[in-house]
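Accompanying notes for the structure given below.
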Amino acid sequence: MASMAASELKRAARWFHALADPTRLRIVERLRAGEECVCNLADTLETGQSRLSFHLKTLKDAGLVRDRRQGRWIYYSLDPGTIEELERVVAALRERRAGLQIVSRRT
Numbered sequence: 001m002a003s004m005a006a007s008e009l010k011r012a013a014r015w016f017h018a019l020a021d022p023t024r025l026r027i028v029e030r031l032r033a034g035e036e037c038v039c040n041l042a043d044t045l046e047t048g049q050s051r052l053s054f055h056l057k058t059l060k061d062a063g064l065v066r067d068r069r070q071g072r073w074i075y076y077s078l079d080p081g082t083i084e085e086l087e088r089v090v091a092a093l094r095e096r097r098a099g100l101q102i103v104s105r106r107t
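Note that the working numbering has the sequence shown beginning at 1, numbered continuously upward.
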């Protein structure tokens with residue numbers, strides 16, 4: 001795969017930064033099962049609303065999650081398009097690594 005453009009690298013760095021926290025990884029893991037109300041996330045993750053809001057904002061700003069309001073509750077879900085893009089970036093890194101291993105074996 002060709003090198004990633006600067007804008008793609010910047011976007012990937014934002015995703016990896018957002019995922020570089022155990023709490024945010026737990027949120028993503030929880031959202032893999034589907035949309036969740038913020039109240040359920042707070043209970044499941046045993047964290048306060050303000051701390052959870054901070055982490056959800058970080059994930060949302062990175063484009064990894066989206067939200068929708070229903071009444072007084074906010075529901076969060078993974079953004080499927082962004083997750084697919086992230087998977088492509090990881091696959092490209094894996095391919096590049098495999099290519100480097102082949103080259104190093106030949107030398």
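Every residue, glycine too, gets a C-beta built ideally from N, C-alpha and C.
Judged by DSSP in its simplified three-state form, Leu9 adopts helix. If you look at Arg24, you'll find it in the alpha helix (DSSP H) that goes 22 to 31. Take Phe54, set aside five residues on each side of it, and no residue of its chain has a beta-carbon closer than 6 Å to its own. Bounds of the alpha helix (DSSP H) holding Arg51 are 49 to 61.
Contact between Val28 and Leu78 holds, with the beta-carbon distance rounding to 7 Å and staying under 8 Å.
Rounded to whole angstroms, the separation of the alpha carbons of Glu95 and Lys57 is 32 Å. Taking C-beta atoms as the reference points, Arg30 and Leu41 count as a pair closer than 8 Å. Each of Gly34, Thr23, Cys37, Val89 was checked against the Cα of Leu59, and the nearest Cα belongs to Thr23. Check the Cα spacing between Glu84 and each of Ala20, Arg69, Val65: the tightest is with Val65. Assigned with DSSP and collapsed to three states, Glu95 falls in helix.
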